[in-house]
Amino acid sequence: MKKIILISPPSSNEIDFSAKKSVIPPEGLCLLASCIRNNNYQVSIIDSDALGLTIQEVIKEIKKQKPNFIGITSTTVTIHNCSLLAKKIRESFPDLKIIIGGPHITVAG
32 MKKIILISPP
42 SSNEIDFSAK
52 KSVIPPEGLC
62 LLASCIRNNN
72 YQVSIIDSDA
82 LGLTIQEVIK
92 EIKKQKPNFI
102 GITSTTVTIH
112 NCSLLAKKIR
122 ESFPDLKIII
132 GGPHITVAG
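Offset between the sequence shown (1-based) and this note's numbering: plus 31.
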């Protein structure tokens, strides 16, 4: 069975987007995971902010789960780290398929 990991990258520390830090559930990834699961794929979600994970810790989790595909969401607060994470994934797992989506990718497309 194909294994897919959907990732919400850590929020960027480059820009202070708000005075109060909050964790917003990745509802889009949850909906996508449900659709994927309903089509007989194994799927997991890594919500980096909720889990307090750094990019390097996300890489370790990917290594542990050994997926066939990675999906990364890109939002205003994660666009910088989305790019960094994709680069680190490519360096660590050159043959792993990476799919990037979300508001910023949709607008840029």
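Just so it is clear, CB atoms sit at the ideal spot from N, CA and C, and this is done for glycine as well. Since the structure is predicted, the reported quantities are computational estimates derived from the model, not experimental observations.
Nearest-angstrom Cα distance between I101 and V108?
-> By one-based count along the sequence shown, residue 101 stands at place 70. By one-based count along the sequence shown, residue 108 stands at place 77. Approximately 20 Å between the Cα atoms of the pair.
A50 versus S43 - alpha carbon distance | Translated into the one-based positions of the sequence shown, residue 50 becomes position 19. Translated into the one-based positions of the sequence shown, residue 43 becomes position 12. With a pLDDT of only 46 at A50, under the threshold of 50, the placement of this residue in the model should not be trusted; the figure read from the coordinates follows. Between A50 and S43, the C-alpha separation is close to 14 Å.
Could you tell me whether the Cβ atoms of K119 and I77 are closer together than 8 Å?
-> The residue labelled residue 119 in the question sits at position 88 within the sequence shown. The residue labelled residue 77 in the question sits at position 46 within the sequence shown. Cβ distance not < 8 Å, so K119 and I77 don't count as in contact.
Cβ pair S141, I36 closer than 8 Å = Past the boundaries of the shown model lies residue 141; the chain is included only from 32 to 140, so the question cannot be answered.
Unbroken alpha helix (DSSP H) run spanning V89, endpoints = Translated into positions along the sequence shown, residue 89 becomes position 58. Per DSSP, V89 belongs to the alpha helix (DSSP H) from I86 to Q96.
Do K97 and Q73 have their CB atoms nearer than 8 Å?
-> What you label residue 97 is simply residue 66 of the sequence shown in a count that begins at 1. What you label residue 73 is simply residue 42 of the sequence shown in a count that begins at 1. No, Cβ-Cβ distance for K97 and Q73 is not below 8 Å.
What are the boundary residues of the beta strand (DSSP E) that includes L127?
-> Against the sequence shown, residue 127 aligns to sequence position 96. For L127, no beta strand (DSSP E) run applies, since DSSP gives it neither H nor E.
Quick one: what's got a C-beta closer than 6 Å to R68's C-beta in the same chain, skipping five residues either side?
-> Within the sequence shown, numbered from 1, the residue matching residue 68 stands at position 37. Counting only Cβ-Cβ distances below 6 Å, and skipping sequence neighbours, we find V74.
Do L116 and P40 have their C-beta atoms within less than 8 Å of each other?
-> Working through the sequence shown from its first residue, we reach residue 116 at position 85. Working through the sequence shown from its first residue, we reach residue 40 at position 9. Cβ distance < 8 Å, so L116 and P40 count as in contact.
Close beta carbons around N99, own chain, < 6 Å, minus the five adjacent residues each side = Along the sequence shown, one-based indexing puts residue 99 at 68. Taken in chain order, the residues that qualify are K33 and K34.
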